[in-house]
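Structure record follows, encoded as structure tokens.
Number of protein chains: 2
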Amino acid sequence: MTELQAVLSSIVGKKHVICDPAELLVYESDGLTIHRATPRAVVFVTSTLEVSRVVACLHEHNIPFVARGAGTGLSGGAVPLSQAVIIEMSKMRRILDINYVDRTAVVETGLVNIELSRAIESSGLFYAPDPSSQTVCTIGGNIAENAGGPHCLKYGPTVNHVLALKVVLPNGQIVELSGTEHFGYDLAGLFVGSEGTLGIATEATLRLTPLPEAIRTLLADFPTTTAASQAVSTIISSGILPAALEMMDFVTINAVEDSVYAAGLPRDAAAVLIIELDGEQAEVTEQAEAVTAICRSKGSREVKLAVTPQERAKVWAGRKGAFGAMGRIRPNLMVQDAVIPRSRLPEVLDEIYRIAERYQLCISNVFHAGDGNLHPNISYDGRDADEVKRVKQACEEIMRLCVNQGGSITGEHGVGMDKLDYLPLIFTEDDLHVMACIRTCFNPQGLANPGKTIPMLRCKAY
Amino acid sequence: MTELQAVLSSIVGKKHVICDPAELLVYESDGLTIHRATPRAVVFVTSTLEVSRVVACLHEHNIPFVARGAGTGLSGGAVPLSQAVIIEMSKMRRILDINYVDRTAVVETGLVNIELSRAIESSGLFYAPDPSSQTVCTIGGNIAENAGGPHCLKYGPTVNHVLALKVVLPNGQIVELSGTEHFGYDLAGLFVGSEGTLGIATEATLRLTPLPEAIRTLLADFPTTTAASQAVSTIISSGILPAALEMMDFVTINAVEDSVYAAGLPRDAAAVLIIELDGEQAEVTEQAEAVTAICRSKGSREVKLAVTPQERAKVWAGRKGAFGAMGRIRPNLMVQDAVIPRSRLPEVLDEIYRIAERYQLCISNVFHAGDGNLHPNISYDGRDADEVKRVKQACEEIMRLCVNQGGSITGEHGVGMDKLDYLPLIFTEDDLHVMACIRTCFNPQGLANPGKTIPMLRCKAY
């Protein structure tokens, strides 16, 4: 047993420390498998105090660390660079308090996203942020990446639902950070989306949302992605704010229909929109009529209404299973993430397909159209070095395209390791300096999740 | 002419620098007149570049500064402590860009809040945050204090409407900070509510909101504040989210009715609620019926509907003019600000009236009941030293009461100078340490708005 292993075992118990190389393999990457690194050890923690003691110990030994929830992130955020120790949060999954009157919940951050909504469903509430991975991903990972999801169009991403956080700072100190409901510096807001570089959130006070009285889920097919994009713009500019407004293109539709997630999507459509409306009965009925008319006027052949909860669930299973379904096309999938002004959808989608053609790659699009959050996905074979090179080149062109159209390099998956090189497309040296200062202020030794979010060299320079 | 005056004049022109003691008097306080200090000079700026050059010059000379918009703040945030130079933003009031498709506006921060909504009204949009002072207060002041307003119940406070900021850092450097729509550290979110201590925002990219199709404004009277509070809780827990849900108590009602803002409020009611519903026609009609039934069931004698836009305007003029109307009661008014869980309204209001009795003070309540944001207002005579002492004691008791009930020491007016002493009621030493670190990282010399938001001694200590 190494000295580190002994010290960590004295805090969390021997069975909660993994150092066996074979077992460590599992923790080499997150959901975006192109980035890999082996951790020095994995430590399972069960309380804030344990996290604090483990972090204080690592701080004392100058050993880097990274918290890990379910490892479903798509930007390499949980990859243990610099031989970091992984602090495994999955045992911290208790719901500590639910206040039904004030509509708040206090949870441990290893809790799986969907578990919170399940626990409060019978009281007419839900937790709104719903990443596609919500059946497995954790609240802590959602906080680290400021996770979105289809319903964030109406309800906003994670940051809008976090009221306060209990955080272990990189020196082991435990602090409470409060959000915009409070006053002074919005430190909870700063922490959400900081990708583990400012410390580890162990408990979160979350906002709960009343379940809508009525839900209508529409499925509209289109002869071109441009027609579908125009329908998106027209719906939003009509003043209707759907709960979700998603687009799936031809390749995605067919991958889904070939898979276990088959949802009865029209295989010959260039694109489908999933438009979910929620609110009061009268309101959603009226909105569903208006949306149907808009889709028709933009060339939709058929606008189908998912009537029963089962039909609704099937449509969403198809949408949320799309990334999994892509596995049928090629062995590897690069799930890209970018954001553009909604008004630029037609041009940008056309240009993405041209980039695919130029690099001879299979690019499919399945994304949150309502808020301009693109997910161009590249299916490839990781064993083909030339193809991997073309994937990287295409990604870079897509990033430049989105930035040139007034957009940005990530919408909801975070910077992680994957987007570090693109930061200068968006930020000046001075802008990055400010970020580096913030990081240094929380994380002076750079031990908390090194190599993510902002370039490390910069952090060291300031 | 002093050397400072000469240097500043060389940047902004002689007529834009005020050093005459008589003219400086105007800038001694903001809307909360109990805190006063004389600035060293006042500088009118007209562009980001000028702000940058002025700030760089002050930084070089180690002279503190504070930006000032309309000076309507209610926590002493714009008071020039340490003989700070006031950077007067009112000439920077251009709307630089409006994008109707993506619903964003880029404005200079000296712009008066209402001017933005006026400029876009004809295109069916508005800027949602609406502090009572919105006809005079500036976007920059709103950003500094993360200002709220009645309609923030539904639409959220300023931070939810700021997408990006151009900021002059305390050393004169110009940076762009982006918000949660972007990625990485949410520095725009951190900046909103930082009360001038991290730099000066000169341009803001703001979110615009579609005007609702229909609005219903209801006025319901109640025999007790407890009955009104119960109606508030029942409305919210029924799942209805009004655009605004305001309470005015007996003293406030009568002060308003005696003033130019008279809105036909029932003088014999213990409290009235103003409940504004917005959305689609069918939805608001249904909600108005439900709200009326709830108010009746809680003992409301009459629920009046403001039918015409003129009637609506009259109700809101009464509500927003309430602070001005209080001038009739006593020469001075302490507008307090605190927040409590909505479910605690009855107990807390009762206890506030008991505190008033104990200290023989006239306390009235007019506030955002829907989100538990209290404004207990104390009318007093500033020339009566004993009464001033009792005002301070009562304020402290009210703060402790709100914190003990799970609330906080300010809801929307900020910490400024006024709430500094109450911070330890909410935060531990460690929590305050983190805030001090953040401040030091942006503002190492403590030149940007010294003596606000967090205790200065702490900042110097770290």
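Heads up: the protein sequence lines correspond to chains P and W, in order.
Under the numbering used here, the first residue of the first sequence carries the number 1073, and numbering increases by one thereafter.
Under the numbering used here, the first residue of the second sequence carries the number 1073, and numbering increases by one thereafter.
Just so it is clear, CB atoms sit at the ideal spot from N, CA and C, and this is done for glycine as well.
Between residue 1234 of chain P and residue 1292 of chain P, the C-beta gap is not smaller than 8 angstroms, which leaves the two residues out of contact.
Residue range 1353 to 1369 is occupied by the alpha helix (DSSP H) that includes residue 1369 of chain W. In the three-state reduction of the DSSP assignment, residue 1133 of chain W falls in the coil class, being assigned neither a helical nor a strand state.
Remark: C-beta atoms of residue 1165 of chain W and residue 1182 of chain W approach each other more closely than 8 angstroms. Listed in chain order, the beta strand (DSSP E) runs fully inside the stretch 1406 to 1462 of chain W are 1434 to 1439 and 1448 to 1452, counting runs of at least 3 residues. Contact annotation: the stretch 1492 to 1501 of chain W does not touch the stretch 1236 to 1251 of chain W, with fewer than three C-beta pairs closer than 8 angstroms. Residue environment analysis places residue 1491 of chain W among the buried positions, since at least 16 neighbouring C-beta atoms fall within 10 angstroms of its C-beta. In this structure, the straight-line span from the alpha carbon of residue 1330 of chain W to that of residue 1413 of chain P is close to 51 angstroms. With at least 16 other beta carbons inside 10 angstroms of its own, residue 1488 of chain P counts as buried.
Sequence-ordered contacts of the stretch 1357 to 1372 of chain P with chain W read 1357, 1358 and 1359 [C-beta pairs closer than 9 angstroms]. Taking the Cα positions, residue 1482 of chain W is about 24 angstroms away from residue 1186 of chain W. Under the three-state reduction of DSSP, residue 1376 of chain W is assigned to strand. For residue 1386 of chain P, the enclosing alpha helix (DSSP H) starts and ends at 1381 to 1392. Taking the Cβ atoms as the reference, residue 1155 of chain P lies roughly 7 angstroms from residue 1111 of chain P, within the contact range of under 8 angstroms.
According to the DSSP secondary-structure assignment, residue 1236 of chain P is paired through a beta bridge with P:1250 and P:1277.
Near chain P, meaning a CB-to-CB distance below 9 angstroms, the residues of the stretch 1493 to 1522 of chain W are 1495, 1498, 1499, 1500, 1502, 1503, 1505, 1506, 1507, 1509, 1510, 1511, 1512, 1513 and 1514. Assigned with DSSP and collapsed to three states, residue 1192 of chain W falls in helix.
DSSP places residue 1161 of chain P outside any alpha helix (DSSP H), giving it a letter other than H or E.
In the same chain as residue 1515 of chain P, and ignoring 5 residues on each side of it, the C-beta atoms closer than 7 angstroms to its own belong to 1242, 1269 and 1270, in chain order.
Nearest neighbour of residue 1086 of chain W by Cα position, chosen from W:1107, W:1102 and W:1113, turns out to be W:1113. In this structure, residue 1075 of chain P lies away from residue 1145 of chain P, with their beta-carbon atoms at least 8 angstroms apart.
By DSSP's assignment, residue 1480 of chain P forms a beta bridge with P:1411. The straight-line gap separating the alpha-carbon atoms of residue 1367 of chain P and residue 1175 of chain W is approximately 22 angstroms.
In this structure, the CA atom of residue 1295 of chain W is about 11 angstroms from the CA atom of residue 1339 of chain W. In the structure shown, the three-state DSSP call for residue 1218 of chain P is coil. Partner residues in the beta bridge of residue 1404 of chain W, as assigned by DSSP, are W:1452. In terms of beta-carbon proximity, residue 1265 of chain P lines the interface with chain W, with at least one pair separated by less than 8 angstroms. Look at residue 1178 of chain P: its C-beta is not under 8 angstroms from any C-beta on chain W. Taking C-alpha positions only, residue 1230 of chain W is separated from residue 1122 of chain P by approximately 38 angstroms.
Within the stretch 1272 to 1345 of chain P, the runs of beta strand (DSSP E) at least 3 residues long that lie entirely inside it are, in chain order, 1272 to 1279, 1286 to 1294 and 1316 to 1321. Taking residue 1278 of chain W as the centre and dropping the five residues before and after it, the same chain places the C-beta of 1176, 1177, 1178, 1179, 1188, 1199, 1211, 1233, 1234 and 1235 closer than 8 angstroms to its C-beta, in chain order. Scanning chain P for C-beta atoms nearer than 8 angstroms to the C-beta of residue 1285 of chain W yields 1311, reported in chain order. Measuring C-alpha to C-alpha distances from residue 1267 of chain W to each of W:1512, W:1485 and W:1415 identifies W:1485 as the nearest.
Excluding its 5 nearest sequence neighbours in each direction, residue 1315 of chain W has C-beta neighbours in its own chain below 6 angstroms: 1223, 1226, 1348 and 1350, listed in chain order. According to the DSSP assignment, residue 1176 of chain W belongs to the beta strand (DSSP E) that extends over 1176 to 1180. Between the beta-carbon of residue 1272 of chain P and that of residue 1239 of chain P there is about 7 angstroms, and that keeps the pair under the 8 angstroms contact cut.
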